Amino acid sequence: MHRFKDLEIWKRSRVFCSAIYKVTSNFPESEKFGLANQLRRAAVSIPSNIAEGSSRKSNKDFARFLQITLGSAFEIETQLLIASDLKFISDEDLESLLNELNSIIKMTSKFNTSLN
Numbered sequence: 270m271h272r273f274k275d276l277e278i279w280k281r282s283r284v285f286c287s288a289i290y291k292v293t294s295n296f297p298e299s300e301k302f303g304l305a306n307q308l309r310r311a312a313v314s315i316p317s318n319i320a321e322g323s324s325r326k327s328n329k330d331f332a333r334f335l336q337i338t339l340g341s342a343f344e345i346e347t348q349l350l351i352a353s354d355l356k357f358i359s360d361e362d363l364e365s366l367l368n369e370l371n372s373i374i375k376m377t378s379k380f381n382t383s384l385n
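Our numbering puts the sequence shown at residues 270 to 385.
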């Protein structure tokens, strides 16, 4: 069992989640239950799945939760690109968020590989 609070990917994904909440707070009101909600839910999913997976007794089970984490990350990437297409976020915010997301993806993938 791993201590999720000690994992750098969990710490960074929490900060990333806060950044998603901040940027989506500027979305149009009509998106409150649309794209903004989808982005927030997927962002919350990343640290949540890391935490839940860390409680599993086997590395194989934890790895399965990290795969779900990666799925959420790629979902966020798609949603951020759509938000950019719709001009809901600036190019600067998009670049910053995608850079951090890519770092989280790489860290998660490496950690997942180390569990196998």
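Heads up, the beta-carbon is just placed ideally off N, CA and C, and yes, glycines get one too.
Model, not experiment: these values are computed from the prediction.
Inter-residue Cα distance where the pair is residue i and residue j
| i | j | result |
| --- | --- | --- |
| Leu335 | Thr382 | 10 Å |
| Lys274 | Arg283 | 10 Å |
Test item: CB-CB of residue i and residue j under 8 Å
| i | j | result |
| --- | --- | --- |
| Ile358 | Ala352 | yes |
| Leu384 | Leu363 | no |
| Val292 | Leu367 | no |
| Asn372 | Leu339 | Per the sequence shown, residue 372 should be read as Ser rather than Asn. Cβ distance not < 8 Å, so Ser372 and Leu339 don't count as in contact. |
Residue i: first and last residue of the uninterrupted alpha helix (DSSP H) it sits in
| i | result |
| --- | --- |
| Phe380 | Asp360 to Leu384 |
| Leu350 | Asn328 to Asp354 |
| Ser287 | Glu277 to Thr293 |
| Pro316 | Leu304 to Ser323 |
Contacting residues, own chain, Cβ-Cβ under 7 Å from residue i (five flanking each side not counted)
| i | result |
| --- | --- |
| Ala312 | Phe285, Cys286, Ile289 and Ile345 |
| Gln307 | Gln348 |
Residue burial classification, residue i (beta-carbon count within 10 angstroms, cutoff 16)
| i | result |
| --- | --- |
| Gly303 | exposed |
| Phe343 | exposed |
Contact set for residue i: own chain, Cβ-Cβ below 6 Å, skip 5 residues either direction
| i | result |
| --- | --- |
| Ala320 | Phe273 |
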